[in-house]
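Student: Quick one: the structure is below, questions incoming.
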Amino acid sequence: MADGAVPVPTPETAPFWAGTLAGELRIQQCNSCGKHYFYPRPFCRYCQSRDVAWRAVSGRGRLVSYVINYLPLPPAKPNEPQIIALVELDEGPRMMTNIVGVSPDPVNLPLDGRVRVDFEPRGDQALPVFRFTEEATR
Amino acid sequence: MTGMHGGRIAIVGASETTEIGVLPDRSMIQLHAEAALNALADAGLSAADVDGVSTAGPMALEVSHHLGITPRWLDGTNVGGCSFMLLVRHAAAAIASGAADVVLVTHGESGRSRVGAGPRRPNLASPQGQFEAPFGAVVPYATFTVPAIRFLHERGLTRRDLAEVVVAQREWAVDNPRAFRRKPITVEQVLEGPPIAFPFTRDMCCVVTDAGGALVLTSAERAADLPGGAHAVYLLGSGESAEGPLVSQMDDVDSFGAFRRASAEALATAAVSHADIDHLMAYDAFAHLPLYMLEDIGFVGRGESGAFIADGNTRKGGKLPMNTNGGGLSYTHTGMYGMFAIQEAVRQLRGEAAVQVPGVEISFVQGVGLFFGAAGSLVLSSRQP
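Below, the structure is given as structure tokens:
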């Protein structure tokens, strides 16, 4: 994993980052409207209810879009192309992430391809990154 | 709302800095000041006539004080590069309501030379800092561009459609002495250019320059008595909207809701339809943006933007001349291009553009802020309705 910026958790996001360090993808679900939402905050992004709960989710989803960045800036490693991607989780929320485990070539990056979360260390944190799985595209 | 639209407010002064491009001898604040003094001279007004000042970047009071203006109205709305569309809209509302009489809107950015500019550093505790920056989604060319592949995929378009945007706009820039990139280019040359962030090559990404621009607005009534009144440009309608600062969280990946909402309000308040528009400025920090805008504003149907550009409709002699200065891709882009899109619309409406389109009476200006974060739309006219 390339070097890069280390996220700084805030009180509202700390459970998410504690989850990635524990090897779990934790996102929030609203107990009022039932929707999962992202990024973390202590109320629902859709109905503003404060009755929300953290859930450990499967980390499965699909590749929505990406770029292959050939010119990463420090603190990322220059000259090491980086796949910067949007992944939509099966629960609904979309995340910015990196696709790992494939060489950075468009032929290896089928849109809607099934992916699953993995975790990679970054400073004192762990980042949720995604790998393609053997599952058939839904 | 009726007071601020329908041609009751006029742009009476408009100017860029005397030079644009690479200006290592001017600081950020000097670029604001030079453009402001040029725009006031263009209007036939002096700093003492100005009672409202607005800008995005530095605080408005930094600009007003630097110029020796005592304001009774200030606006520092900052939603990224389309802030200037919003500032024009807000200035119109202020003038219509009597909160200001003469408003000066300024922009200046030492985007290339970084003279007198602060450091650019993401806040790693912000939502973007935690949930986008660690993945490398910081620099515009690897962040604003992330949705593009999805847009193309959903419509059966390809990278050629991005390259066609570059080629169409370069055609305008070739004849514009102030444009930064002026060499004619082919689709193949664009596609074979240095890769930046796939699917984007170098010429699909905007230039990075130093420049400034400023506008002077007042009521159409007062404009009629000013030296600048003869070349006044009138605000027919406007709109603004926003989503958020994280491109990963835009409501739809392949269509931008803020473009749809802001442009619809601009057309409705102007009481004009797409067929009435003679000229379009579509803020193009990257080549996918004019494609999104043509569809989201409704100039073409879903999936038709690529062919519309490839068929020449936005070139010289086309039915919708677009980005006629060369755009952010070829003309200039300081980091906040919105001011320069408005300047070119004003020049076309006055009939004094470097590459003039014959008979432009109504121009539509569409801006984008941050990375699919905000939108501002203006409908401008050479005539009062």
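Chains as they are written, first to last, in the numbering used here: chain X, 488 to 625; chain E, 62 to 446. Note that beta-carbon positions come from the ideal geometry of N, C-alpha and C, so glycine has one too.
1) Leaving out five residues before and five after Arg-220 of chain E in sequence, what residues of the same chain have Cβ atoms less than 8 angstroms from its Cβ?
2) Taking the C-alpha atoms as reference points, what is the distance between Phe-425 of chain E and Gln-515 of chain X?
3) When the Cα atoms are used, what is the spatial distance from Ser-391 of chain E to Arg-181 of chain E?
4) Between which two residues does the alpha helix (DSSP H) harbouring Ser-391 of chain E extend?
5) Can you find a C-beta in chain X that's less than 9 angstroms from the C-beta of Thr-270 of chain E?
6) Would you kindly check if the distance between the Cβ of Thr-138 of chain E and the Cβ of Leu-147 of chain E is under 9 angstroms?
7) Would you mind stating whether Phe-347 of chain E and Met-583 of chain X have Cβ atoms separated by less than 9 angstroms?
8) Who are the Cβ neighbours of Arg-603 of chain X in its own chain at under 7 angstroms, not counting the five residues just before and after it?
9) Suppose you measure from the CA of Ile-72 of chain E to the CA of Val-554 of chain X; what does that come to, to the nearest Å?
10) Can you name the residues of chain E whose CB is closer than 8 angstroms to the CB of Tyr-526 of chain X?
11) DSSP three-state label for Thr-279 of chain E, please.
12) Can you tell me where the alpha helix (DSSP H) holding Ile-514 of chain X begins and where it ends?
13) Output, in chain order, the set of chain X residues within a Cβ distance shorter than 8 angstroms of Arg-211 of chain E.
14) Does Arg-408 of chain E come out as helix, strand or coil in the three-state DSSP assignment?
15) Pick out whichever of E:Ser-125, E:Thr-395, E:Gly-289, E:Ile-130 has its Cα sitting closest to the Cα of Val-268 of chain E.
16) Can you give the Cα-Cα distance for Ser-280 of chain E and Val-226 of chain E, rounded to whole angstroms?
17) How would you label Pro-446 of chain E, buried or exposed, when you count the other beta carbons within 10 angstroms and need 16 or more for buried?
18) Rounded to the nearest angstrom, what separates Ala-303 of chain E and Asp-538 of chain X at their Cα positions?
19) Taking Glu-578 of chain X as part of the alpha helix (DSSP H), name the residues at either end of that continuous run.
20) Quick check on DSSP: helix, strand or coil for Val-495 of chain X?
21) Count the CB pairs spanning the stretch 111-123 of chain E and the stretch 155-172 of chain E that are closer than 8 angstroms, and state whether there are at least three.
22) Can you tell which of E:Leu-92, E:Ala-258, E:Gln-310 has its C-alpha closest to the C-alpha of Arg-532 of chain X?
23) Express the C-alpha separation of Trp-504 of chain X and Met-62 of chain E in angstroms, rounding to a whole number.
24) Return no unless some Cβ of chain E is closer than 9 angstroms to the Cβ of Pro-593 of chain X.
25) Can you list the residues of chain E that Leu-614 of chain X reaches, using a CB-CB cut of under 8 angstroms?
26) Have a look at E:Val-416, E:Met-354, E:Val-235, E:Pro-306 and flag the residue whose alpha-carbon is nearest the alpha-carbon of Ala-323 of chain E.
27) So which residues of chain X does Val-61 of chain E contact, with C-beta pairs closer than 8 angstroms?
28) Quick one: is Trp-541 of chain X near chain E, going by C-beta distance under 9 angstroms?
29) So what does DSSP say about Glu-115 of chain E, is it helix, strand or coil?
30) Consider the Cβ of Leu-185 of chain E: report whether some Cβ of chain X lies at a distance smaller than 9 angstroms.
31) Note down, in chain order, each residue of its chain lying with its Cβ closer than 6 angstroms to the Cβ of Ala-414 of chain E, except the 5 sequence neighbours on either side.
32) Interface residues of chain X around Pro-238 of chain E at Cβ under 9 angstroms?
33) Roughly how many angstroms lie between the CA atoms of Pro-256 of chain E and Gln-417 of chain E, to the nearest whole one?
Tutor: According to the structure data:
1) Leu-213, Leu-252, Pro-260
2) 42 angstroms
3) 24 angstroms
4) 388-391
5) no
6) yes
7) no
8) Gly-546, Arg-547, Phe-617, Arg-618, Thr-620
9) 40 angstroms
10) Pro-188, Gln-191, Phe-192, Leu-307, Gln-310
11) strand
12) Premise fails: Ile-514 of chain X lies in the beta strand (DSSP E), 512-517, not in any alpha helix (DSSP H).
13) Val-551, Ser-552, Leu-573, Leu-598
14) helix
15) E:Thr-395
16) 37 angstroms
17) exposed
18) 27 angstroms
19) Here Glu-578 of chain X belongs to no alpha helix (DSSP H), and DSSP marks it neither H nor E.
20) coil
21) yes
22) E:Gln-310
23) Low local confidence applies: a pLDDT of 38 at Met-62 of chain E is under 50, so the model's placement there is unreliable, with the coordinate-based value given in what follows. Straight-line Cα distance between these residues: approximately 47 angstroms.
24) yes
25) Pro-195, Phe-196
26) E:Met-354
27) Absent from the structure is residue 61 of chain E, since the part of chain E shown begins at 62 and ends at 446.
28) no
29) Position check: residue 115 of chain E holds Ser in this sequence, whereas Glu was assumed. Here Ser-115 of chain E sits in strand by DSSP.
30) yes
31) Arg-408
32) What Pro-238 of chain E touches in chain X: nothing, since even the nearest Cβ is about 30 angstroms away.
33) 33 angstroms
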